[in-house]
Amino acid sequence: MPENDTRAPSQAPAPTPAHASEHGLPAAPATTAPAPGYLAVFAVPEFRVVFVAHLFSLLGVVVSELALTVLVYDLTRSPLLSSLTFALGFLPYLLGGTLLAGLTDRLPPRRILVVCDLVCAGCVALMVVPATPVAVLLVLRCAIAVVSPVFNGTRMATLADILGEGDLFVLGRSLLRIVSQSALLAGFAAGGVLLTLVPPRGALAVTATTFLVSALLLRLGTARRPARAAGGASGLSRTWAVLRNRRVRALMLMFWVPPLFAVVPEALAAPYADEIGVSTAALGLLMCALPVGTIAGELFAGSFLSAATRSRIVLPLAVTGVLPYLLYAPEPGVALAAVALLLAGATGAYTLGLDAWFVAAVPEEQRGRAMTLMTAGMMTVQGIGMAGAGIAAEFAPVHAVVAGTGVLGTLCLLVAAAELRATERRDGADRHMTSR
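-2 is the number of the first residue of the sequence shown in this note's numbering; add one for each residue after it.
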């Protein structure tokens, strides 16, 4: 797709996925009105394999994070090292996403996915060894985080090969996001149950197996596709080639800014529960409210809204995404705070339309690295948002920090939305001049 091709997402064609027919795989059906719905996505056999592999890989990530955090605390009795273990899941994303993004288009995608799963399995297997010191455990945790954006970006780009660039791709992405959000609710609970039955190293051994299962499914159940782009330029040069596109930069910004502010109430849930004097059960409700709202919003948008409608609501939902945090201003009880989080989570439905805009704006030969950069940035800004929330809460009451996030976040989102609209106007003018 040409770099300046800026057709509206609802008008973008849904071509047959590249190389599907030559490998005997069914082509993804073209997107036509009405929207196909989630069941149509599962009708594509190769997507079913990717979906199940995602479940196993995600289970491995969630349970290994929990088990490793517990293991480090058992070995050191240090809350700082234990929390650092969890934080290391965010910090190396930026490193892996920038330095390794170019690989996602220069190597066959199936090979990247399988190798990343094998790297994660190997790292977790080394964590199981009793002689592994704490410092090495932390390094291994960083290694998993470094390859994660490469894996996620490659898988996202491969979805466009499997499902086409139209509505099926949007719904497939939505399903993987819903599973990821659900993992926040069920994964830690499952990990907690597992840790009551086996020691932390035993739980880590289980997660090594889940990574291996994911690698096997991807190797045997997905087609071999060639690399999207030839070698030549360095990784950083290729990354800059993506970022030179103003439209792509604006879209990435719209992916990054909302989570930067959205994570603040979750990061401060425990201090807020202590501030208003509620139980641990109430804390659990506050932690669950945002992902539950996100899942509900995505399911509604994917099931009942057309592609054109999802495109129209992108900017309104994105800009108002953190406005519900203003309900924290009077230091509300658990019920009203949970309502605010549910509403904020539901506005996450804007991502379905934004996904369509993104895949339409990025040239196919840059798709892997662009999506790797986008996912790496999303994880990085969440870590920054959590850290910033903690710093702000040292100087102001928690409820004031969350309410202030609603104000500051909305202002930043208005700026990001204005930049995105500017790229639409500029591209529309370019297209008009070209058509003369």
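For each residue, glycine too, the CB sits at the ideal point set by N, CA and C.
By the criterion of a C-beta distance shorter than 8 Å, G387 is surrounded in its chain by A264 and L265, once the five residues flanking it on both sides are discounted. The shortest C-alpha to C-alpha distance from V311 to any of L410, L115, G150 and S75 is the one to L410. Taking every protein chain shown into account, the CB of W237 has fewer than 16 other CB atoms within 10 angstroms, so this residue is exposed. Counting along the chain, no alpha helix (DSSP H) covers G318, and no H or E run does either.
The C-alpha of A326 is placed about 6 Å away from the C-alpha of H396.
Rounded to whole angstroms, the Cβ separation of G290 and L339 is 4 Å, and the two are in contact under 8 Å.
Boundaries of the alpha helix (DSSP H) around R364: R364 to A390. When C-alpha distances from P223 are compared across S177, T155 and T193, the shortest belongs to T155. By alpha-carbon distance to L63, the top candidate from A183, V126, D102 and V46 is A183.
If you draw a straight line from the Cα of T317 to the Cα of V254, it comes to about 12 Å. Per DSSP, the continuous alpha helix (DSSP H) segment holding N149 begins and ends at V131 to L160.
When the alpha-carbon of V111 is set against those of T207, L134 and Y90, the nearest one is in T207. Put simply, of L55, V190, P262 and G380 the residue whose alpha carbon is nearest the alpha carbon of L209 is L55. Listed in chain order, the alpha helix (DSSP H) runs fully inside the segment 191 to 270 are 197 to 218, 232 to 240, 243 to 259 and 261 to 264, counting runs of at least 4 residues. Between C113 and the set T95, L78, A140 and L92, the nearest pair of CA atoms involves A140. Taking every protein chain shown into account, the CB of R241 has fewer than 16 other CB atoms within 10 angstroms, so this residue is exposed. Per DSSP, the continuous alpha helix (DSSP H) segment holding A343 begins and ends at V331 to A343. Cβ-Cβ distances below 8 Å link A279 to A270 and V331 in the same chain, with the five nearest sequence neighbours on each side left out; the list follows chain order. If you draw a straight line from the Cα of L296 to the Cα of G34, it is about 10 Å long.
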